[in-house]
Amino acid sequence: MVGLSGPSHEVAEMIRIPKSIYEGIVEHSKREWPLECCGILVGKGETVEKAFELTNTEKSSIRFLMSPQEQLKVFEEMDKGSMEMIAIYHSHPHTIAFPSETDVKMAFYPEVSSIIVSLKERENPVVKAFRIEKEAVLLVEIEVI
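So for the sequence shown, my numbering puts the first residue at 147; every next one is plus one.
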């Protein structure tokens, strides 16, 4: 926890991810290595129901930018299914599963968790979730269901 200031609104302290989706984001990360991958997890409440793999238009190993056209398609799907964005995920091909300075700057949805898949040890991926607020990075529990 970094500089904790109490949240002003109700946000998820946990994300529940079906095992197949959890494994899917790890596989997506491995497929895109040595570049960062990115995607969006949607569902209801704290439970993820669907994952969307998006294109990292930066094609970079140290940053990501989601394709705007693909993001719009995800938002349309969310509307159709009465779902909400639960998390944005991306990989860190060479560093630990903790938000970088760029991740903190680019966190435009403080109510949405940020999931990072670290492939620093490629055979032993580490997946962690965070809520990134203005002055705090808070760990969010992941429950694989």
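Every residue, glycine too, gets a C-beta built ideally from N, C-alpha and C.
Note that the structure is predicted; figures quoted are calculated from it, not measured.
Going by DSSP, what residue range makes up the alpha helix (DSSP H) through residue i?
i	result
SER166	165 to 178
LYS226	214 to 226
SER251	Correcting the residue identity first, residue 251 is Lys in this sequence and not Ser. Unbroken alpha helix (DSSP H) run through LYS251: 247 to 251.
Quick test of your reading: residue i and residue j, contact by CB under 8 Å. State the CB separation rounded to the nearest angstrom.
i	j	result
LYS176	VAL188	Not a contact, Cβ separation roughly 22 Å.
SER264	VAL258	Wrong, their Cβ atoms sit about 20 Å apart, outside the cutoff.
MET229	LYS190	6 Å
Quick one: is residue i buried, meaning 16 or more other Cβ sit within 10 Å of its Cβ, or exposed?
i	result
ASN330	In the structure as shown, the chain starts at 147 and stops at 291, and residue 330 therefore has no counterpart that could be examined.
VAL290	exposed
MET160	exposed
PHE276	buried
GLU222	exposed
GLU269	exposed
GLU281	exposed
Could you please give the first and the last residue of the uninterrupted beta strand (DSSP E) stretch that includes residue i?
i	result
THR193	193 to 200
ALA275	272 to 278
ALA233	230 to 238
ILE261	259 to 264
LEU187	184 to 190
GLU281	Where GLU281 is concerned, there is no enclosing beta strand (DSSP E), given that its DSSP letter is neither H nor E.
Quick check: what's the CA-CA separation for residue i versus residue j?
i	j	result
THR193	LEU200	20 Å
ILE288	TYR255	18 Å
ILE261	ASP225	22 Å
LYS165	GLU204	29 Å
LEU285	ILE208	21 Å
GLU178	GLU247	22 Å
GLY300	ALA253	Since the first residue shown for the chain is 147 and the last is 291, residue 300 is missing from the structure and cannot be characterised.
LYS266	LYS274	13 Å
VAL98	GLY227	Because residue 98 is not part of the residues shown, which for the chain are 147 to 291, the question remains open.
ILE167	VAL283	24 Å
SER206	PHE198	19 Å
Count the C-beta pairs between the segment 235 to 245 and the segment 172 to 188 that are closer than 8 Å, then say yes if the count reaches three, no if not. yes
How do the segment 212 to 219 and the segment 241 to 257 stand: do at least 3 beta-carbon pairs fall below 8 Å, yes or no? no
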